[in-house]
Amino acid sequence: MMDWLGPEEWRAVALSFRVSLWATLVSLPLGVLTAYALARWSFPGKQVLNGLVHMPLILPPVVTGYLLLLTFGTRGPVGSFLADFGIVFAFRWTGAALAAGVMAFPLMVRAIRLSLEAVDPKLEQAGATLGASPVWVFVSVTLPMTLPGILAGAILAFAKAMGEFGATITFVSNIPGQTRTVPSAIYAFLQVPGGEDSAMRLVLVSVVVAMGALIMSELVARRVAARVGGR
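The sequence shown begins at 269 in my numbering and counts up one residue at a time.
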């Protein structure tokens, strides 16, 4: 791939993988907790939480990026506080990871929630009647049975993060070597004469990654489900 792609193209691919990996790893624990809350708990404001989780799917990505900039920018309420500790998201690759994680979060939560809802609550209740704590019931009963959904959600979130453009470019701009991910690089190449070949190569990379992620999520879900089910 390194011979096929030019230096600038390769930097965009490498940065996209870095951003997507961190976006997925950091958001996964919160995604599991959120999905569990939506699938198992009853509390005031549950529908509001559900709406907020899925809001990035409905809002234009540019709006989501602008809201992130207002919140996590150096002058935003959260961004200014974090800046005092040397943590800056705006116009950094970490900001690209944050934007990608926010945009991929709904897909992750939805996949995990569907997997949780497929688990028979009676199995969890049986574990509780045997004296197991709620945490141990989740670890020993719920988590193994929902592992296919968790893995599938993580893979889909990774692929979504790889393709994120609107929120990322609004929040962290399009800085070569720092925030220029694959979608941003495609956009940049299409703005200059003679950049079509580079853009096409990155388009092919995007298609391969997206299709690979879809196929992998399906295969992983089937294998883990078969292993958990003892087949």
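Ideal Cβ placement from N, Cα and C applies to all residues, glycine included.
Exercise. Start and end of the alpha helix (DSSP H) containing P345?
Worked result: For the purposes of this step, residue 345 is taken as residue 77 along the sequence shown, with counting starting at 1. Segment P345 to A351, the alpha helix (DSSP H) holding P345.
Exercise. What does a CB cutoff of less than 6 Å around L482 pick up in its chain, not counting 5 residues either side in sequence?
Worked result: Your numbering for residue 482 matches position 214 in the sequence shown. Nothing listed; no residue qualifies.
Exercise. According to the neighbour-count rule (16 or more other Cβ atoms, all chains shown, within 10 Å of its Cβ), is F349 buried or exposed?
Worked result: Numbered from 1 along the sequence shown, position 81 holds the residue referred to as residue 349. Exposed, by the Cβ-count rule.
For this session: Output the distance between the C-alpha atoms of G344 and L338, rounded to the nearest integer angstrom.
Result: As a position in the sequence shown, residue 344 is number 76, starting the count at 1. As a position in the sequence shown, residue 338 is number 70, starting the count at 1. Going from the Cα of G344 to the Cα of L338 covers about 5 Å.
Problem set entry | Span separating the alpha-carbon of G299 from that of L470 | For this step, residue 299 is matched to residue 31 along the sequence shown. For this step, residue 470 is matched to residue 202 along the sequence shown. Whole-angstrom Cα-Cα distance: 29 Å.
For this session: Could you spell out where the alpha helix (DSSP H) holding R308 opens and where it closes?
Result: Taking the first residue of the sequence shown as position 1, residue 308 is located at position 40. Segment P275 to R308, the alpha helix (DSSP H) holding R308.
Problem set entry | I454 CB to nearest heavy atom of the ligand NAD below 7 Å | Judged by which ligands are present, the structure shown has none, so any question about the ligand NAD falls away.
Exercise. Can you give the Cα-Cα distance for A351 and L398, rounded to whole angstroms?
Worked result: On the sequence shown, residue 351 is found 83 positions in, with the first residue counted as 1. On the sequence shown, residue 398 is found 130 positions in, with the first residue counted as 1. Approximately 49 Å, taken between the alpha carbons.
For this session: Just the C-alpha distance for M479 and F285, rounded to the nearest angstrom, thanks.
Result: Residue 479 sits at position 211 when you count from the first residue of the sequence shown. Residue 285 sits at position 17 when you count from the first residue of the sequence shown. Their backbone Cα atoms lie some 15 Å apart in a straight line.
Exercise. Straight-line CA distance for M270 to W290?
Worked result: Locating residue 270 in the sequence shown gives position 2, counting from the first residue. Locating residue 290 in the sequence shown gives position 22, counting from the first residue. With a pLDDT of 47 at M270, under the threshold of 50, the modelled position of this residue cannot be trusted, and the question is left open.
For this session: Evaluate T449 with the Cβ neighbour count: other Cβ atoms within 10 Å of its Cβ, from every protein chain shown; 16 or more gives buried, anything less gives exposed.
Result: Position 181 of the sequence shown, counted from the first residue, corresponds to residue 449. With 16 or more other Cβ atoms within 10 Å, it is buried.
For this session: Please name the residue, chosen from V377, A367 and Y334, that lies closest to H322 on a Cα-to-Cα basis.
Result: Position 54 of the sequence shown holds residue 322. When only C-alpha atoms are compared, the closest one is V377.
Problem set entry | Length of the line joining the Cα atoms of A305 and E277 | The residue given as residue 305 occupies position 37 in the sequence shown. The residue given as residue 277 occupies position 9 in the sequence shown. Those two C-alpha atoms are separated by around 41 Å.
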